[in-house]
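Trainee: Sharing a structure here in structure tokens format.
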């Protein structure tokens with residue numbers, strides 16, 4: 001085992017454990033690192049005899065995860081690694097012996113993931129791991145979508161907005177950007193399907209694509225009215241919320257109306273699970289705006305974000321499993 005630097009040893013002796021250290025310690029335990037590395041390695045450049053040697057897959061994957069968890073640009077992550085001992089320890093960097101991989105190296109790694117459709121493969125590998133742990137069920141699916149804003153300004157090099165993003169009206173407010181559509185396991189609240197469209201695409205048109213085909217029931221909010229009439233989404237029994245306006249007009253002095261209201265409350269309690277993944281990526285991972293131009297790049301990032309969000313949601317169960325010595 002290599003000797004630790006003085007700065008690293010001094011840091012290890014501090015008394016307070018920060019929230020960042022706690023989170024990274026938990027992710028160290030719950031992320032199936034070996035499985036994810038195995039997905040990337042066949043596409044990763046091999047070390048040559050001459051020239052600059054590529055940074056190892058394990059280190060680049062850890063840097064990439066940090067970027068998703070903390071919503072950092074390439075340059076910002078490079079700076080953060082120089083600033084934070086906790087982040088360096090997580091990646092495995094000792095500044096007394098080596099420098100932090102630069103922003104260009106991380107950019108090339110992201111391009112490798114995008115060009116080989118690896119973020120989707122990583123998402124699927126995470127879900128396979130969760131299914132093996134008995135955490136991803138197949139009985140029911142909740143579908144929903146959220147708007148992710150894109151820069152609407154034309155004050156850029158091309159003097160244009162992203163042509164693949166569009167605006168849509170929600171309530172009385174206009175939004176410009178994309179939609180993240182997800183299919184969530186009704187039992188565990190884990191995301192099993194991810195799609196990205198422009199913001200003006202109707203939720204109900206994507207409902208069929210969010211089903212995995214094994215569910216007996218599916219749930220959606222009022223935006224999915226008429227989904228049971230769509231050919232591609234007829235398989236499960238749908239439970240779609242009543243329009244808010246009609247629900248407010250129910251006369252709760254009538255028995256049938258009270259029964260209908262109770263049914264709506266039950267459907268809402270099930271659908272509430274779909275909000276957790278959105279909360280994780282938007283509030284914990286700080287992904288409230290698109291980072292890249294075009295739907296393909298942003299959808300690729302969504303696979304990474306929701307895969308990592310699944311691990312956060314399942315964290316307690318996974319840590320109990322690792323505590324028992326499970327792989």
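Residue numbers (UniProt numbering): 1 to 327. Using N, Cα and C, we set each Cβ at its ideal position, and we do this for glycine too. All values derive from a computational prediction rather than experimental measurement.
Could you tell me whether the stretch 176-183 touches the stretch 136-147, using the rule of 3 or more Cβ pairs below 8 Å?
Mentor: Result yes; three or more Cβ-Cβ pairs closer than 8 Å.
Trainee: Check whether the stretch 288-305 and the stretch 157-177 are in contact - that is, three or more C-beta pairs closer than 8 Å.
Mentor: Touching, yes, given that three or more Cβ pairs across the two stretches are closer than 8 Å.
Trainee: In terms of alpha-carbon separation, which member of 245, 105, 239 and 206 lies closest to residue 231?
Mentor: Checking every option, the nearest Cα to that of residue 231 belongs to 206.
Trainee: For the stretch 25-33 and the stretch 313-320, state whether three or more C-beta atom pairs, one from each stretch, are separated by less than 8 Å.
Mentor: The stretch 25-33, when compared against the stretch 313-320, does touch it at the 8 Å Cβ threshold.
Trainee: Tell me which residue opens and which closes the alpha helix (DSSP H) that residue 184 is part of.
Mentor: Taken as a continuous stretch (DSSP letters only), residue 184 belongs to no alpha helix (DSSP H), being part of the beta strand (DSSP E) at 173-185.
Trainee: Tell me which residues share the same chain as residue 170 and place their Cβ nearer than 8 Å to its Cβ, disregarding the 5 neighbours each side in the sequence.
Mentor: Cβ neighbours of residue 170 beyond the five flanking positions: 147.
Trainee: Going by DSSP, what residue range makes up the alpha helix (DSSP H) through residue 257?
Mentor: Its alpha helix (DSSP H) spans residues 255-271.
Trainee: Using the three-state DSSP reduction, which class does residue 144 fall into: helix, strand or coil?
Mentor: Looking at residue 144 - three-state DSSP - the assignment turns out to be strand.
Trainee: How many angstroms separate the CA atom of residue 117 from the CA atom of residue 25?
Mentor: The alpha-carbon atoms of residue 117 and residue 25 are separated by roughly 28 Å.
Trainee: Using only the alpha-carbon positions, how far apart do residue 270 and residue 264 sit?
Mentor: If you take the alpha carbons of residue 270 and residue 264, they lie about 10 Å apart.
Trainee: Excluding the five sequence neighbours on either side, which residues of its own chain have a C-beta within less than 6 Å of the C-beta of residue 227, listed in chain order?
Mentor: Closer than 6 Å at Cβ, skipping near neighbours: 204, 207, 233 and 238.
Trainee: Excluding five sequence neighbours on each side, which residues of the same chain lie with their C-beta closer than 6 Å to the C-beta of residue 309?
Mentor: Here the set comprises 277, 280 and 281.
Trainee: Using three-state DSSP, classify residue 239 as helix, strand or coil.
Mentor: Residue state, collapsed to three classes: strand.
Trainee: For residue 119, count neighbouring Cβ atoms within 10 angstroms of its own Cβ and tell me buried if that reaches 16, exposed if not.
Mentor: Buried, since its Cβ has 16 or more Cβ neighbours within 10 Å.
Trainee: Just mark residue 259 as buried or exposed, buried being the case when its beta carbon has 16 or more other beta carbons within 10 Å.
Mentor: By the 10 Å Cβ count, residue 259 comes out exposed.
Trainee: Would you grab the beta carbon distance between residue 78 and residue 103 for me? Rounded to a whole angstrom, and I think it's under 8 Å.
Mentor: Indeed they touch by this definition, with Cβ atoms about 5 Å apart.
Trainee: How is residue 149 classed by DSSP in three states: helix, strand or coil?
Mentor: It is a strand residue.
Trainee: Once you ignore the five residues that flank residue 72 on each side, which residues in its own chain have a CB closer than 8 Å to its CB?
Mentor: Counting only Cβ-Cβ distances below 8 Å, and skipping sequence neighbours, we find 66 and 80.
Trainee: Between residue 252 and the rest of its own chain, which residues show a CB-CB distance below 7 Å, the 5 nearest in sequence each way excluded?
Mentor: Around residue 252: 258 and 261.
Trainee: Compare the Cα-Cα distances from residue 55 to each of 109, 16 and 75 and report the closest residue.
Mentor: It is 109.
Trainee: What is the rounded straight-line gap between the Cα of residue 128 and the Cα of residue 100?
Mentor: Rounded to whole angstroms, residue 128 to residue 100 spans 32 Å at the Cα level.
Trainee: What is the C-beta distance between residue 190 and residue 136, in whole angstroms, given that I count them as a contact (C-beta under 8 Å)?
Mentor: Contact flag correct, Cβ pair sits at about 5 Å.
Trainee: If you compare alpha carbons, which of 256, 241 and 93 is closest to residue 272?
Mentor: Considering only alpha carbons, the answer is 241.
Trainee: DSSP three-state label for residue 85, please.
Mentor: Residue 85: helix per DSSP, three-state reduction.
Trainee: Between residue 186 and residue 142, which are expected to be in contact by the criterion C-beta below 8 Å, what is the C-beta distance as a whole number of angstroms?
Mentor: Indeed, because the Cβ distance is near 5 Å, the residues count as touching under 8 Å.
Trainee: So, residue 74 versus residue 106, is the Cβ gap smaller than 8 Å?
Mentor: Contact: yes.
Trainee: Does DSSP put residue 195 in a helix, in a strand, or in coil?
Mentor: Three-state result, residue 195: strand.
Trainee: Nearest CA to the CA of residue 223: which residue from 202, 297 and 216?
Mentor: Comparing Cα-Cα distances from residue 223 to each of 202, 297 and 216, the minimum goes to 202.
Trainee: Name the residue from 68, 91 and 86 whose alpha carbon lies nearest to the alpha carbon of residue 59.
Mentor: Answer by Cα proximity: 91.
Trainee: Less than 8 Å between C-beta atoms, sequence neighbours within five positions excluded: which residues of the same chain meet that for residue 184?
Mentor: Here the set comprises 141, 142, 143, 144, 190, 191, 192, 273, 274 and 277.
Trainee: Ignore the nearest five residues each way along the sequence and tell me which others in residue 243's own chain have a CB closer than 8 Å to its CB.
Mentor: Within the same chain, residue 243 has close Cβ partners 222 and 225.
Trainee: Measure the Cβ-Cβ separation of residue 300 and residue 216 and say whether it is below 8 Å.
Mentor: No, the pair does not count as a contact, with Cβ atoms beyond the cut-off.
Trainee: Could you check the C-alpha separation between residue 121 and residue 95 for me, to the nearest Å?
Mentor: Their backbone Cα atoms lie some 33 Å apart in a straight line.
Trainee: Give the secondary structure of residue 134 by DSSP, where H, G and I count as helix, E and B as strand, and everything else as coil.
Mentor: Residue 134: coil per DSSP, three-state reduction.
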